[in-house]
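S.K.:
Residue numbers (the working numbering), protein chains in the order written: chain Y, 10 to 556; chain F, 10 to 556.
#1: Tell me whether residue 38 of chain Y sits in a helix, a strand or coil according to DSSP, three-state version.
#2: Please report the distance separating the alpha-carbon of residue 470 of chain F from that of residue 178 of chain Y.
#3: Can you tell which of Y:194, Y:212, Y:321 and Y:147 has the C-alpha that lies nearest to the C-alpha of residue 67 of chain Y?
#4: Go through its chain and collect everything with a Cβ distance to residue 163 of chain F's Cβ below 6 angstroms, but skip five positions before and after it.
#5: Inspect the beta-carbon positions of residue 447 of chain Y and residue 266 of chain Y and report whether they are closer than 8 angstroms.
#6: Would you call the CB atoms of residue 394 of chain Y and residue 526 of chain Y closer than 8 angstroms?
#7: Does any residue of chain Y have a CB that is nearer than 8 angstroms to the CB of residue 37 of chain F?
#8: For residue 290 of chain Y, which option in Y:415, Y:300 and Y:305 has the closest C-alpha, if you only look at C-alpha atoms?
#9: Output the residue ranges of the beta strand (DSSP E) runs that lie fully inside the region 498-526 of chain F and measure 3 residues or longer, sorted by chain position.
#10: Does residue 519 of chain Y have its Cβ less than 8 angstroms from a Cβ in chain F?
#11: Could one say the Cβ of residue 264 of chain Y lies closer than 8 angstroms to chain F's Cβ atoms, at least one of them?
#12: Using the Cα positions of residue 246 of chain Y and residue 116 of chain F, report the straight-line distance between them to the nearest angstrom.
#13: Would you mind telling me which residues of chain Y sit closer than 8 angstroms to residue 165 of chain F, beta carbon to beta carbon, in chain order?
#14: In whole angstroms, give me the CA-to-CA distance for residue 86 of chain Y and residue 272 of chain F.
#15: Short check: CB of residue 476 of chain Y to CB of residue 505 of chain Y, under 8 angstroms?
#16: Go ahead and label residue 557 of chain Y buried or exposed: buried means 16 or more other beta carbons lie within 10 angstroms of its beta carbon, across all protein chains shown.
#17: Inspect the beta-carbon positions of residue 491 of chain F and residue 468 of chain F and report whether they are closer than 8 angstroms.
#18: Measure the C-alpha to C-alpha separation of residue 422 of chain F and residue 140 of chain Y and round it to an integer number of angstroms.
#19: Does the distance from the CB of residue 224 of chain F to the CB of residue 196 of chain F come in under 8 angstroms?
#20: Count the other CB atoms, across all protein chains shown, that sit within 10 Å of the CB of residue 482 of chain Y; report buried if there are 16 or more and exposed otherwise.
#21: Step through the CB atoms of chain Y and report whether any lies within less than 8 angstroms of the CB of residue 564 of chain F.
#22: With a cut-off of 8 angstroms, does the C-beta of residue 235 of chain Y fall near any C-beta of chain F?
#23: Can at least three beta-carbon pairs, one atom from the region 149-169 of chain Y and one from the region 335-350 of chain Y, be found at a separation below 8 angstroms?
#24: Could you run through the region 269-291 of chain Y and flag, in chain order, every residue whose CB is less than 8 angstroms away from some CB of chain F?
#25: Give the range of the beta strand (DSSP E) segment to which residue 573 of chain Y is assigned.
#26: Taking the beta strand (DSSP E) that residue 485 of chain Y falls in, what are its first and last residues?
#27: Interface residues of chain F around residue 490 of chain Y at Cβ under 7 angstroms?
#28: What is the rounded straight-line gap between the Cα of residue 263 of chain F and the Cα of residue 144 of chain F?
#29: Would you report the Cα separation of residue 438 of chain F and residue 284 of chain Y, rounded to the nearest angstrom?
#30: Can you look up residue 415 of chain Y in the DSSP assignment and give me helix, strand or coil?
#31: Let me check one thing: in DSSP terms, what residues is residue 387 of chain F bridge-paired to?
#32: At the level of alpha carbons, what is the spacing between residue 40 of chain Y and residue 517 of chain F?
#33: List the residues of chain F whose Cβ lies closer than 7 angstroms to the Cβ of residue 528 of chain Y, in chain order.
#34: Near residue 24 of chain Y, which residues of its chain fall below 7 angstroms by C-beta distance, leaving aside the five closest residues on each side in sequence?
#35: Counting only Cβ pairs nearer than 8 angstroms, list the residues of chain Y close to residue 456 of chain F.
#36: Distance cutoff 8 angstroms, beta carbons only. Does residue 110 of chain Y sit that close to anything in chain F?
What follows is the structure, given as structure tokens:
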């Protein structure tokens, strides 16, 4: 029960309410440090997070290859911060003036308002693909546990489909994997992905001779800009030796369901594009009326949000933080945990009275796994690479895990991988449904004549041609544009598509599944009429429509 | 690559094509036995299954409580049957006349047709809740791995919400759990569920004094009808001692989002209803033109489908099987694996020529876990209960696992559970979206005035009243019926509901989320017009509408 709850058995007294927003490294460690620093009668601590677990972010790439079990990389927040009240909801509004945070509804559609005396903002970043055509629809982000699981499932699906695909072009596409961004995260993802595909491929008789194509696209002139040049070069050579194509000074500027489009003009036909590059702060923080710096919340050296000193702190990826020496802090776990310490100190100073402490941690070093028993590391100025760096990387990350249960489980995972072949179970736990979006480049085909009708396509922008083949000759039937739709004929009559629909320009379309379409149509007669009316309009405009 | 693939490098020769449908115990063991019995040049074996993994069904209830890791209860089919070609698609049509099986599309919307010489049908059962109001929408089936994971996530969600809920009625509902069916599966589910909730509750400060209510509803006059009476009585007493309410001679006959409705007239207010009772064969088999018996495919003692002798076999839960002694075989793993042996023998007899063997396995015994170090067992006529039966249960099931990797991982899981507190991470891997359905009983409320508007409700059947409170008095605004809809006002204007909508009769409604509604509306202007027109129609019929 929350501290504001009238039924709560706890002594409400006059103690202060601290609200921590976010359950990543920054938020959870802030709550842990606050539990250590403050006595229960001094302040109550609540933490708001959409999930009830905390993710050990540095090991997330290992989830792709199944090196680490799905549930071993996470830990319940309640176990990490037992004195903190967890509210498993989404933060929807922050009101500095009235000191209230509004969270999303639960079983009942009502918002909950949580008042606070002290606020700690640690909401992290979100993937932000807006502005680039096709990115939202066709590029897989890599940031959360759900992203990692979904990428793993997608990889397994592409292998299963490649195995039974008879069209060699499509098989090639299915076996091509593009990762955008050559920083730590991108390098770890391409390394794990390559390892996984190459290992698992052995279980697919038809793919034993079908080598995968793995492409890493990076905007800079060397990968791993966070590292010294010699280590970056080591990593580059190692990845190249494993067959990974590294495209430097290039960038992903467009995506469709068929290909990755690069700035250099090159198109890579593929069904798998991963990116962890673009990031911004969550919408609720973007809307917040306070000073920003580079799109992040501006804080002073005490990590207080500028304008709300002594009351609101921000840390982690959502804050623009400079140490006392003027160094900008990178978005890593080692910095977030130190920031959490500083924030906890300063919150208790605000409660008890006393001076604030500035954030002064300058970083101990950098570590990056290259998969396959290799890594690069820079610790306190010393550069290490290869197997020793990999051992160090595992030892450090294992030792930093806050829960013994996780330590044991991950150590066992790592050990069992040595004994057994990799697992490639595809865990589709929930049916993906609802209205999907798709981006098409000019010339790409929405569906072919003869295909099965599994979706209705509603055109948001762009134009397409409807082409029908009769007796070997192809005729142009119609041109469709925004507000039009296509694909309903096959659905209504349960037959295959009677025309091919091809994008004339770049297009954005909505996909309504047969299942949802049928549900709407049978319930609301007017929906059916809409489609019938649209079809009529269309046929008066053109000769005939169909598809 | 499939054996029919023109690009396939394998010697197609004149060898026979065996198609196995289904990847449960029956299907996978049939493929394994066929691999043992037949040489590669005698026949190619393909197996069609929607998932690329096989589930160790007997341990599924342990996934609820997290005793077993999510991925440890499954194994890739390719590893269990390495010589079998796996097709990860859904079986959509079986054509006995032309000896062709059609499967669902993959990345491209085209069906694939797979010809066969010999067909083995092992498609199992599906949950079938049709016919009982509200069951499809509000009762959770327990049959697949996805069901188990989804139930686990739901339990964690109810605990998280109960913890912060201030309304004591709703908190009580959230802490009430109903399981329908007192056979093996139902008993194991209620036992695991009760254990899990009681253990995890310790992590929720507000729930430490909030005991859960656990109800098992069973139609017969004793639970575990599969077992002897003395063991059933032992189990009954043990469950009752743990605080589980057992309602005998009663049945679940209706469900809504607020309660379970029993045949005896009793309503149990709850947010969690689980059932594994109703079952039927998959639709593709129902449509099949062949003899059925009790809704299942009729087979002879050689497990040949009647009318297709020497060409089609059926086994497992989708077949109605009698042993040579006339005994009907139950749907258990021990029987499925023996049936698989018989089928493999008879398929090779058909290929090589020779006599068929009848199915003669009469069962070795029965085992059921009661959770919490207790079980009941009847092995070769000997009855065991309590801790010895539990040890036996674990030993037998561990020894029956086909993969060493799984054996080691599950043994470790069981061991680690003794050392560490239970994990209660909620793994929502994919956003649940799309058009949902809801069933309401008369008097239940769709939404309250003042609620947030997160859905539009489209009425399929039944009627509801729109009630608006102004200055303390409640006025009846309108009555809505099939084809009407409500809830769009709050959506269109981003405000809270301006009226309460209450079911006047039992109702079925479709829910269209704000997200999907906005997408449709902004893309197809005509959709917006439909809603506007409906609203107009409504306001001419009644005084005013709103909501």
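Glycine included, each C-beta is placed from N, C-alpha and C at the ideal position. All values reported here derive from a predicted model rather than from experimental measurement.
M.R.: In brief:
#1: helix
#2: 49 angstroms
#3: It is Y:194 whose Cα lies nearest to the Cα of residue 67 of chain Y.
#4: none
#5: yes
#6: Cβ distance not < 8 angstroms, so residue 394 of chain Y and residue 526 of chain Y don't count as in contact.
#7: Not closer than 8 angstroms to any Cβ of chain Y, the Cβ of residue 37 of chain F fails to qualify, so no.
#8: Y:305
#9: Within the region 498-526 of chain F, the complete beta strand (DSSP E) runs of at least 3 residues are 509-512 and 516-522.
#10: yes
#11: no
#12: 35 angstroms
#13: 61
#14: 42 angstroms
#15: no
#16: Not covered by the structure: residue 557 of chain Y. The range shown for chain Y is 10 to 556.
#17: Yes; because the gap between Cβ atoms is below 8 angstroms, this pair is in contact.
#18: 46 angstroms
#19: no
#20: exposed
#21: Coverage of chain F is limited to positions 10 through 556, which leaves residue 564 of chain F absent and any answer about it impossible.
#22: no
#23: no
#24: Within the region 269-291 of chain Y, the residues whose Cβ lies closer than 8 angstroms to some Cβ of chain F are 280, listed in chain order.
#25: This structure gives no information on residue 573 of chain Y, because the portion of chain Y shown stretches from 10 to 556.
#26: 482-489
#27: Within 7 angstroms Cβ-Cβ: nothing; residue 490 of chain Y doesn't reach chain F, min ~12 angstroms.
#28: 6 angstroms
#29: Unreliable positioning characterises residue 438 of chain F in this predicted model, as indicated by a pLDDT of 49, which lies under 50. A coordinate reading is not provided.
#30: Residue 415 of chain Y falls in the helix class under three-state DSSP.
#31: F:375 and F:392
#32: When rounded, the separation of the alpha-carbon atoms in residue 40 of chain Y and residue 517 of chain F is 45 angstroms.
#33: 444 and 519
#34: 50, 51, 52 and 53
#35: In chain order: 118.
#36: no
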